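Student: If you read the sequence shown in the working numbering, its first letter stands for residue 131, the second for the next number, and so on.
All C-beta atoms, glycine included, are put in the ideal place defined by N, C-alpha and C.
On a predicted model such as this, the values are computed, not experimentally measured, just so you know.
Quick one: structure below, then a few questions.
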Amino acid sequence: MIITFGNKKLEKLANDYKRCQKEMGYNRSRLFQLRLNQLRSAQTLEDVRNLPGSYHELIGDRKGQWACNLDQPYRLIFKPHENPIPTDDNGKYIWCEIKGVEIIEVTNYHGK
131 MIITFGNKKL EKLANDYKRC QKEMGYNRSR LFQLRLNQLR SAQTLEDVRN
181 LPGSYHELIG DRKGQWACNL DQPYRLIFKP HENPIPTDDN GKYIWCEIKG
231 VEIIEVTNYH GK
């Protein structure tokens, strides 16, 4: 899968493990790199749907974004490159048609 980054800081953290570990701590940086590798290895978003990390669609003001778990309560947030996001006749997203994502942020969106 093609991965891009919403900002230079995230891209630098993704490409420099020591810097990532320094800024995020050991556990979060390890899980961040693992989730990125899972996404990179996937052909489509469907390929990661049932992997550890609880990949899931977000709702409300984050509709159109996805998240996966890092260390609690932090999540990796991303959105598909496809615009519009492919949906079926019932309005459900078609995960197997999403072939690229943009990493938006690492955050605790429940704590806001």
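1. Nearest CA to the CA of N167: which residue from N238, H240 and I233?
2. How about the stretch 214–228 and the stretch 159–178: do they share at least three Cβ pairs that are nearer than 8 Å?
3. Suppose you measure from the CA of I189 to the CA of Q151; what does that come to, to the nearest Å?
4. What residues in its chain sit with their C-beta under 7 Å from that of L198, if we drop five residues either side in the sequence?
5. Using the beta-carbon count (16 or more within 10 Å), is S310 buried or exposed?
6. Relative to the C-alpha of F162, which candidate in I133, D219 and L200 has its C-alpha closest?
7. Assuming F208 contacts V231 (C-beta within less than 8 Å), just tell me the rounded distance between them.
8. Considering R158, what are the terminal residues of the beta strand (DSSP E) in which it resides?
9. So, are the CB atoms of P210 and N238 less than 8 Å apart?
Tutor: Checking against the coordinates, here is how it stands:
1. Locating residue 167 in the sequence shown gives position 37, where the first residue counts as 1. Cα-wise, what sits closest to N167 is I233.
2. yes
3. Here residue 189 refers to the residue found at position 59 when the sequence shown is read from its first residue. Here residue 151 refers to the residue found at position 21 when the sequence shown is read from its first residue. Cα-Cα distance, rounded: 30 Å.
4. Within the sequence shown, numbered from 1, the residue matching residue 198 stands at position 68. What sits at residue 198 in the sequence shown is Cys, not Leu. If we look at C198 and ignore the five residues flanking it on each side, its Cβ neighbours are R165, G183, S184, Y185, R205 and L206.
5. A question about residue 310 goes unanswered here, because the residues of the chain that appear run from 131 up to 242.
6. Here residue 162 refers to the residue found at position 32 when the sequence shown is read from its first residue. Comparing Cα positions, the closest option is L200.
7. Stepping through the sequence shown from its first residue, residue 208 is reached at position 78. Stepping through the sequence shown from its first residue, residue 231 is reached at position 101. The Cβ separation is near 4 Å, so the contact holds.
8. For the purposes of this step, residue 158 is taken as the residue at position 28 of the sequence shown. Where R158 is concerned, there is no enclosing beta strand (DSSP E), although the alpha helix (DSSP H) it sits in stretches over Y156 to S171.
9. By one-based count along the sequence shown, residue 210 stands at place 80. By one-based count along the sequence shown, residue 238 stands at place 108. No; because the gap between Cβ atoms is not below 8 Å, this pair is not in contact.
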